[in-house]
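Protein chains in written order, with UniProt numbering: chain A, 1 to 257; chain B, 1 to 257. Note that CB positions come from ideal geometry on N, CA and C, so glycine has one too. Report on one structure; see the data block that follows.
Number of protein chains: 2
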Amino acid sequence: MWCQSCKEEYEEEDAGTCKECYEEASETEEELKREIDDLRSRLLFLRLPSPTLDAASAPHTDLLLHAIPACSSSSSGGGDAADATRAPDTPAVPAHRVILASRSPVFRAMLENEMEESRSGIIKIYDVSYDVLRAFVHYMYTAEVLLDEQLASDLLVLAEKYEVKHLKAYCEKFITSKVNNDNAIAHYAFAHRHGAKQLLEASLSELMNNMSTLADREEYKELVEKDPRLVVEIYEAYLNRQVNTAAGKDTDCGCRK
Amino acid sequence: MWCQSCKEEYEEEDAGTCKECYEEASETEEELKREIDDLRSRLLFLRLPSPTLDAASAPHTDLLLHAIPACSSSSSGGGDAADATRAPDTPAVPAHRVILASRSPVFRAMLENEMEESRSGIIKIYDVSYDVLRAFVHYMYTAEVLLDEQLASDLLVLAEKYEVKHLKAYCEKFITSKVNNDNAIAHYAFAHRHGAKQLLEASLSELMNNMSTLADREEYKELVEKDPRLVVEIYEAYLNRQVNTAAGKDTDCGCRK
């Protein structure tokens with residue numbers, strides 16, 4: 001027999017499909033590719049020129065966003081009250097109310113109610129660097145960003161704060177794809193802090209696959225110090241899995257009886 | 001042999017693919033489907049709430065568009081100078097400068113230069129009904145419209161005028177799919193007026209397939225009256241095709257000698 005796809009001869013036991021199914025599958029593939037072309041062209045149409053690239057490409061802006069990085073001497077790393085009074089010292093990122101309000105319910109509430117930000121057209125974004133803020137605004141216009149692990153983490157935090165679900169899911173998917181034994185504890189704690197379920201499951205699974213070395217790790221000891229409840233959850237999940245696996249084996253034995 | 005797709009037995013001569021190609025094709029299909037899901041979710045993110053739906057969903061608008069329908073007593077059907085002085089008598093459609101300017105180079109030029117429209121925030125759109133203008137603005141925000149043939153024609157004209165290429169191509173594709181012997185003359189003349197190449201080719205091809213009855217049609221006689229050069233082009237294309245077909249046959253004969 002000759003394969004209609006690769007044109008090579010094959011043995012009977014290597015048969016894949018009949019001619020009818022082969023032709024149907026080819027049609028399906030063509031249809032899917034046409035749909036992809038159509039979706040891509042609609043995406044290109046809906047994509048907006050990002051005001052973060054240069055000022056000339058951003059006429060009609062009616063907002064200025066200022067990045068206020070977390071004070072490096074702050075022990076918590078969170079935005080404390082002192083930050084709020086500091087004057088912004090990085091350039092502002094211009095933007096349009098209609099775009100931010102349509103992407104984020106938090107910005108929408110801020111801009112549609114009579115809040116200070118709405119009156120002044122100036123929004124301070126706390127605990128974030130200028131570069132991260134630019135990437136955040138760029139994404140609001142284009143749905144595009146070139147991620148590395150650090151940027152994905154920073155953007156996930158910002159996306160969670162401003163409820164930009166699409167960006168949060170995008171960053172979470174990226175970080176999840178990078179989980180390994182070395183970073184699983186850090187990602188596990190991060191996922192817990194920011195309600196990232198997919199990342200939590202992936203890092204917990206990675207941890208459970210390497211339980212024998214878990215307690216030796218420096219990050220483990222830090223986590224026991226800082227948030228022992230999270231460590232308890234790892235042990236609980238591990239025990240739970242062991243019980244389920246044992247129950248599964250028992251059921252198997254029952255079947256064979 | 002058993003088909004791995006439909007699970008039914010088939011004869012050797014009905015073999016489609018080998019197992020390897022079958023598995024590869026299945027993977028490709030899965031990948032394409034994942035890409036479609038990703039593109040759809042990005043589209044949903046980039047889609048903006050249309051200000052044509054209700055006023056509450058359109059805060060921060062900074063433009064008003066007025067539809068000025070072509071005067072029904074005008075014999076040309078085109079926008080004559082008298083229209084320009086008429087006060088708009090339909091409700092205005094609100095919109096945002098940033099959106100219109102990013103979708104249309106004509107609006108961009110109008111709004112970024114010191115033109116009357118930019119100063120007043122009021123744009124009159126001539127020779128168009130209120131409903132067509134609403135559909136046009138809705139498309140600018142969502143890349144979505146439910147077309148019928150009339151709306152597709154009206155939007156194509158508007159998209160051409162304001163250089164919204166994506167919408168023009170979308171309408172042209174829709175109209176092209178509706179070409180038949182009854183409407184081919186009308187679509188042929190329309191395609192000529194508005195530089196719609198795909199539609200022109202489809203309607204010309206339809207006309208050439210029915211040349212024996214062409215001259216009997218009422219629309220044909222009207223077109224001879226109004227724009228005889230277009231009729232000449234139909235005959236030229238027909239003759240050209242006949243010559244090419246004959247040349248093709250000659251070449252075939254040569255091969256067989």
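A/P94 and A/T61 look like a contact to me (Cβ under 8 Å); what is the Cβ gap, rounded to whole Å? 4 Å
Per-residue contacts from A/Y10 into chain B (C-beta, under 7 Å): C18
Residue of B/H192, B/A67, B/L151 minimising C-alpha distance to B/Y130: B/A67
Other residues of its chain near B/D14: CB distance less than 6 Å, five sequence neighbours each side excluded: none
Residues of the stretch 36-50 of chain B in Cβ contact with chain A at a cutoff of 7 Å, in chain order, please. I36, L39, R40, S41, R42, L43, F45, L46, R47, L48, P49
Let me know if B/C6 comes out buried or exposed under the rule of 16 or more other beta-carbons within 10 Å of its beta-carbon. exposed
So, is the C-beta of A/C21 closer than 8 Å to a C-beta in chain B? yes
Drop a sphere of 10 angstroms on the beta-carbon of A/Y235, count the other beta-carbons inside from all chains shown, and report buried for 16 or more, exposed for fewer. exposed
Simplified DSSP assignment, three categories, for A/L53: coil
Would you decide whether A/A84 is buried or exposed? Buried here means 16 or more other CB atoms lie within 10 Å of its CB. Low local confidence applies: a pLDDT of 46 at A/A84 is under 50, so the model's placement there is unreliable, and no value is given.
Once the 5 residues before and after B/V179 are set aside, which same chain residues still bring their CB inside 8 Å of it? H187, L199, A202, S203, E206
If you compare alpha carbons, which of A/E30, A/E144, A/M1 is closest to A/G16? A/M1
Any idea what DSSP makes of A/A15, helix, strand or coil? strand
If we ignore side chains and look at the alpha-carbon of each, how far apart do B/V224 and B/T213 end up? 15 Å
Got a sec: which bits of the stretch 154-171 of chain B sit with their beta carbon under 7 Å from any beta carbon on chain A, in order along the chain? H166
Below 8 Å, how does it come out for the stretch 91-108 of chain A and the stretch 155-170 of chain A: are there three or more Cβ pairs, yes or no? yes
Can you give the Cα-Cα distance for B/E24 and B/E30, rounded to whole angstroms? 10 Å
Give the range of the beta strand (DSSP E) segment to which A/H66 is assigned. 63-68
3-residue-minimum beta strand (DSSP E) runs that sit fully inside the UniProt domain "BTB" (82-149) of chain A, ordered along the chain: 93-95, 122-126
Which one or two residues does DSSP pair with B/E9 in a beta bridge? B/W2
Quick one: any contact between the stretch 124-138 of chain B and the stretch 36-43 of chain B, if contact means 3 or more CB pairs under 8 Å? no
With 8 Å set as the bound, which would you pick, yes or no: does the beta-carbon of B/P228 sit closer than that to a beta-carbon of chain A? no
In its own chain, which residues sit with a C-beta less than 6 Å from the C-beta of A/D154, not counting the 5 before and 5 after it? V132
Three-state secondary structure assigned by DSSP to B/H194: coil
What are the residues in the stretch 129-156 of chain A lying within 7 Å of chain B by C-beta distance? A143
Taking beta-carbon pairs under 9 Å, can you tell me which members of the stretch 186-204 of chain B lie near chain A? none
Using a C-beta cutoff of 8 Å, does A/A92 count as contacting chain B? no
A/C21 (DSSP reduced to helix, strand or coil): helix
Flag B/Q242 as yes if its beta-carbon sits less than 8 Å from any beta-carbon of chain A, otherwise no. no
Give a yes or no on whether the minimum CB-CB distance between B/V98 and chain A is below 8 Å. yes
To the nearest angstrom, how far is it from the Cα of B/D227 to the Cα of B/Y220? 10 Å
Could you give the distance in angstroms between the alpha-carbon of B/E112 and the alpha-carbon of A/H166? 32 Å
Neighbouring residues, chain B, relative to A/M1 (Cβ below 9 Å): M1, E12, E13, A15, C18
Partner residues on chain A for residue 259 of chain B, Cβ-Cβ distance less than 8 Å: Residue 259 of chain B lies beyond the residue range present for chain B, which begins at 1 and ends at 257; the question has no answer from this structure.
Can you tell me which of A/K33, A/Q4, A/M211 puts its alpha carbon nearest to the alpha carbon of A/Y238? A/M211
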